[in-house]
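Numbering follows full-length UniProt numbering, with no gaps: position 51 of the sequence shown is 51. Glycine is no exception: its CB is placed at the ideal position from the N, C-alpha and C atoms. These notes concern the structure reproduced below.
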Amino acid sequence: MEDVSAEEFSFAYGKLEIEVQAKSSAEKLWAAFKDSSNLFPKFFPNHIKSIEVLQGDGYTVGSIRLIKYAQGTPMMTFGKEKLEVADEEKKVISYRVIDGELTRYYKSYTATLQVVPKSSDGEEGCWLKWRVDFDKASEEVHDPILLLEYAARTFNRLDALLLNT
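Here it is as structure tokens:
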């Protein structure tokens with residue numbers, strides 16, 4: 001058996017998941033997430049000041065976006081993320097945070113969202129499944145539970161806004 005140093009072995013890896021039930025159709029929510037660079041600053045101006053696409057088109061693999069958060073947003077002023085998965089058929093997107101305050105607390109932070117229709121028999125609504133895989137920068141860093149709760153609230157608000165449009 002190989003010796004493993006304390007620096008190589010860590011309990012800092014983690015994964016958190018949530019599922020949010022939405023009344024909007026999977027197609028409508030998927031379209032909103034694909035266009036989040038434009039929609040989110042308009043829909044959530046108290047939280048997101050702007051989203052600038054730095055590379056690519058913002059919704060295909062390799063795209064890089066700079067998110068500037070509104071003044072007063074807890075923990076963060078900006079974040080830069082790289083889109084790593086964009087599967088139109090399965091309605092899955094995954095992005096990795098590459099810069100911003102989160103990189104102080106996490107060596108890696110990847111979020112994956114899947115929009116899942118409730119059923120194939122025409123039942124309205126869908127499920128939003130969001131998973132975060134992370135590696136803490138130190139053992140003292142908390143799991144990103146507040147960010148998970150923020151995502152759930154954002155998904156619910158987005159659903160309500162889309163139902164009224």
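The beta carbons of A152 and V61 sit no closer together than 9 Å.
Per DSSP, E27 lies in no beta strand (DSSP E) segment; the continuous alpha helix (DSSP H) that holds it begins and ends at 26 to 34. Runs of the beta strand (DSSP E) lying entirely within the segment 13 to 91, each at least 3 residues long, are 13 to 22, 48 to 55, 64 to 69, 78 to 87 in chain order. In this structure, the beta-carbon distance from K42 to Y69 does not fall below 9 Å. Comparing C-alpha distances from V115 to each of Y106, Y105, C126 shows the shortest one belongs to C126.
Comparing alpha carbon positions, the residue from A160, T77, V92, G14 closest to L83 is V92.
For the set T165, E124, S108, the Cα lying nearest the Cα of K15 is the one of S108. Just measuring C-alpha positions, the residue of D35, A32, N46 sitting nearest Y150 is N46. If the five residues before and after L162 are omitted, its C-beta is found closer than 8 Å to the C-beta atoms of S24, K28, L29, A32, all from its own chain and listed in chain order. Sixteen is the threshold: since fewer than 16 other Cβ atoms of the shown chains lie within 10 Å of the Cβ of T165, the residue is exposed.
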